[in-house]
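Peer 1: In the numbering used here, the protein residues as written are 1359 to 1493.
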Amino acid sequence: MTEPKPQPEFPEPKDPKKRAEIAVEEAGGLPDDNPFTEVVENLRADGKSWDDIFWKMDEVFSVVDEGAAEEGTEMIAEWSVTAKVPDQGAPSGFRYETHKRVAETAEKAEQRVSESTGHKVVEEKTEQTDYGKYS
């Protein structure tokens, strides 16, 4: 006589819907103070699975995430600032050096170049060359 084959055993319910309910309960359930809880509860009442709700939320999340990322960043200009540098080897006795600075205004970029180089800035040569987004 042959022994019966062992049957699979699982430490939790095999039914995925039951496991989902347990997982939601263990996570503390849906928060009472979140305005989206009612939407989720209504979708569940309409028979939507947690997976269906997740993918619907993911569509919205992607858009909200992009919006939040933009709200959390500031656009700041990059400036090309020219300084007049003494140069005894040049026929005129000076040369021009161009420096890149990120600043809210041309004036601030010029001030930073002047302070960091110790040389006079040629204001009429200052121009915005690019910009960056910073969070």
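All C-beta atoms, glycine included, are put in the ideal place defined by N, C-alpha and C.
Tell me the DSSP bridge mates of K1478?
Peer 2: For K1478, which the question treats as bridged, DSSP gives the partners K1442.
Peer 1: Tell me the residue span of the alpha helix (DSSP H) that contains D1410.
Peer 2: 1408-1429
Peer 1: Considering only C-alpha positions, which residue in the set A1448, H1457, A1426 is nearest to S1493?
Peer 2: Put simply, of A1448, H1457, A1426 the residue whose alpha carbon is nearest the alpha carbon of S1493 is A1426.
Peer 1: For Q1469, which three-state DSSP category applies?
Peer 2: helix
Peer 1: Pairs of beta-carbons, one from the stretch 1435-1447 and one from the stretch 1460-1468, closer than 8 Å: are there three or more?
Peer 2: yes
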